[in-house]
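According to this note's numbering, the sequence shown is numbered sequentially starting from 11. Every residue gets a Cβ at the ideal spot worked out from N, C-alpha and C, and that includes glycine. See structure below.
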Amino acid sequence: MGRPRREGSQAWEGWGVTDSCRCGALLVELVDQDGSYEACPICRQEPDACACEVVKKTTTAEEPFTRRIKLTSASEIEPEPVMWAWEESGAGRIPAGSLSVAAGREGTGKSSFGIWMAAGITTGTLSGPMFGRPTDVIYVAVEDSWKFTLVPRLIAAGADLARVWRAEVETAELEIGVLSLPTDLSMLEATVTEYGVKLIVLDPLLSLIGEGIDTHKSRPVRTALDPLAALADRTGAVVLGIAHFNKGAGSDPSSLITGSGAFKDVPRSIFGFAVDQEDGSRVMTQTKNSLGKLDLPSLAYRIDSAKIETRKGVADVGKFVFDGEAARSVQDILSAGGGDGDQRQDKADTEAFLLDELRGKWRKTTEIQEAAKHRLLISESTLNRARRKLKIVSQQFSTGRDGKKEWWLALPAEVATLPEPQGVTEAETDAQGVTPDASTRADSQGATQLDVTQGWHPDTLTPDSEPVAVSSEQPVKPRNVRPKCQNPKCRKAVPKGSRSDRKFCSGACKTAVNAKRSKENPS
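Structure follows, in structure tokens:
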């Protein structure tokens, strides 16, 4: 019986490798009346006629892909106008499909601006081309609590909660982690596309940069931000990153963003937020608008107090509200006073931090200390001065393990109406029935008598081991410790009133030491 053969002498043309059959098996040499030929060892047919029921494998030898220049004529690119996600008074502020950053010091309202944006997007009330077209929002929050802070703020802002999605990452079974950039960008993009998301809020952006990336170097940071900006461009969604100012001096909000210069170079729009120390007003200035006008007016805004009814009581939160154009810019506020202005800004930031953290609730002292230290780099002395100025109330409650008492803080104007922290039995009082923070309450009443606090020093947020008596008119000053005599056989204190550089208690000690040195090192 004859065998099928291909016409012509180039039987293996197009296969490249002649020692493998189309089914993947190695060829064997067979002989018939027409001579020898290579065939499949299973069906005994030539390779291109193999009919074996196995997985077919291509054996075409292809060159590996290499990097190459790709040219596209500008005539082939269709021009398009910029599509704006947010327009104010006819001027574009935030372009759709771009990375934007809202930056400022703690307590200025930048996170509340993100809530305002989310409310506008989900209800279709954001001014601009998206008006009347409600869409979904993804919100990634690292620092703020969803049930205590974010959801109440979203309700106060009028957001459609069914369109706001909390985004987390399942790292293992029953384990939830935080989004990491750029590792999780492919999953994020798939979710954005599936739900038709048009706003992604990352608060704060810096905390979502993946481990191993030095956030103070531009090139490593761009490995996370460049793909993030590309995601925004492909999906048409706005990525709004919330950022903190560093403690450096300067009046350029973009340059004050914590981290490398990539945090100001990659975004297409940047907004700075600040509190005017002259009148307490709040100002937002757009310091970068790559696709639109840069000379846009600064906008004034305020944070109103809003009470939200919940199943467990009333939540008191802030609501971001614009107030029209501002007379000053963020640059004006930051540059006012030079170095003294920076110090005043630090004090204002700390006071704003306390007001924001304590509004409408008791907070543990240790939580406030940790947040101030790690999020704002606030020193304990600055925090204590702000506490005294605001007359923050401190009180102990039995909220610890096995009923252990813990210190809590609250705003003085709200103490009477605030419910006790969960799990509380009774506030600790001293033998005279005075609350642990008698000094604070006495100060709030303008008293000048001797204040005695049980386990709490009015000049610090750290509880003392023993009761401390402090006069509000004559604060305790640190004891001036005198230096010791440099004669190792004496070590008495240098006489009081001596020069600051004096090293010996008497001339005899000085003579003895000099004589010993001369004997040991004769010259």
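Exclusion of the five residues before and after C31 leaves L37, C50, P57, C60 as the residues of its chain whose Cβ lies within less than 7 Å of its Cβ. Rounded to whole angstroms, the Cβ separation of V152 and V188 is 6 Å, and the two are in contact under 8 Å.
Its chain contains D359, F363, L386 as the residues whose beta carbon lies nearer than 6 Å to that of E116, once the 5 sequence neighbours on both sides are disregarded; these appear in chain order.
The alpha-carbon of Q405 is positioned some 15 Å away from that of G413. Note on geometry: alpha-carbon atoms of A346 and Q287 lie some 9 Å from one another. Residues S190, L191, P192, T193, A234 of the same chain have their beta carbon placed closer than 7 Å to that of G220, with the five preceding and five following residues left out of the count. Here the alpha carbons of K120 and T132 stand approximately 19 Å from one another. The C-alpha of R397 is placed about 32 Å away from the C-alpha of V211.
Per DSSP, E288 is not a residue of any alpha helix (DSSP H), being assigned neither H nor E.
Of H254, A129, A420, the smallest CA-CA separation from L209 is found for A129. Here V285 is buried, its C-beta having at least 16 other C-beta atoms within 10 Å. H226 carries a coil assignment under DSSP once its states are collapsed to helix, strand and coil. In the three-state reduction of the DSSP assignment, F514 falls in the coil class. Put simply, the backbone Cα of L184 is about 46 Å away from that of E90. Boundaries of the alpha helix (DSSP H) around D342: 340-345.
Of the residues D213, K303, Q55, V248, the one whose Cα lies closest to the Cα of A101 is K303. N299 sits in a strand when the DSSP states are folded into three classes. Sixteen is the threshold: when 16 or more other Cβ atoms of the shown chains lie within 10 Å of the Cβ of K329, as they do, the residue is buried. Under the three-pair Cβ rule at 8 Å, the stretch 369-389 counts as touching the stretch 417-432. CA-CA distance, T203 to L266, rounds to 34 Å. In the structure shown, S217 adopts helical secondary structure according to DSSP, grouped into three states. Per DSSP, reduced to three states, the secondary structure at Q405 is strand. Taking the CA atoms as reference points, T181 sits about 24 Å from D146. A247 sits in coil when the DSSP states are folded into three classes, being neither helix nor strand. Linking W96 to I104 through their CA atoms gives a straight-line distance of about 5 Å. The beta carbon of G107 lies closer than 6 Å to those of A242, D243, G246 in the same chain, with the five residues before and after it left out. Between L238 and V92, the beta carbon gap of about 19 Å keeps them out of contact (Cβ cut-off 8 Å).
Note that the C-beta distance between A172 and I125 is not below 8 Å. Around the Cβ of W94, a 10 Å sphere holds 16 or more other Cβ atoms; the residue is buried.
Under the three-state reduction of DSSP output, E430 falls in the coil class, being neither helix nor strand.
The three-state reading of DSSP puts P237 in helix, counting H, G and I together. With fewer than 16 other CB atoms across the displayed protein chains lying within 10 angstroms of its CB, M197 is exposed. Here the alpha carbon of D314 sits roughly 21 Å from the alpha carbon of E98.
The three-state secondary structure of G124, taken from DSSP, is helix. With a cutoff of 8 Å on beta-carbon distance, A113 and P307 are scored as not near each other.
If you check the CB distance, G269 and V111 do not come in under 8 Å.
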